[in-house]
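In my numbering, the protein residues as written are 19 to 130.
See the structure below:
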């Protein structure tokens, strides 16, 4: 397996995790806490359109590659250059613990 070349990691990403607290009225207050920030490569993935809520919806998929290890969960989100990516999964299965591949879509994540 080849090494992750540092020159390919051109995007500085921030992994954020949802933190929920209750306010004095019992309402839910959501904050996104930064877990870590690292250099990564954001590569275009599959894009799809589908019919939902009686209108056409679109998903812009990406694959994010970063050096292993990286603590990222499906309920996390990643931000980079003003864009937000919803994490769908992460794996290092075929990279011999050298890099992690994160599958994500562009858009706002509410942490569900």
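Backbone N, C-alpha and C fix where the C-beta goes; we use that ideal spot for every residue, glycine too.
Worksheet entry | Among 33, 47, 40, 26, nearest to residue 59 - alpha-carbon criterion | 26
Worksheet item: Do residue 34 and residue 99 have their CB atoms nearer than 8 Å?
Response: no
Discussion item. Looking only at its chain, what residues have a beta carbon closer than 6 Å to the beta carbon of residue 49, apart from the 5 residues adjacent to it on each side?
Written reply: 37
Item to complete: Can you grab the Cα-Cα spacing for the pair residue 110 / residue 88, in whole Å?
Response: 10 Å
Worksheet item: Buried or exposed: which applies to residue 54, given that a residue is buried once 16 or more other Cβ atoms fall within 10 Å of its Cβ?
Response: exposed
Item to complete: Note down the Cα distance separating residue 122 from residue 86, rounded to an integer number of angstroms.
Response: 17 Å
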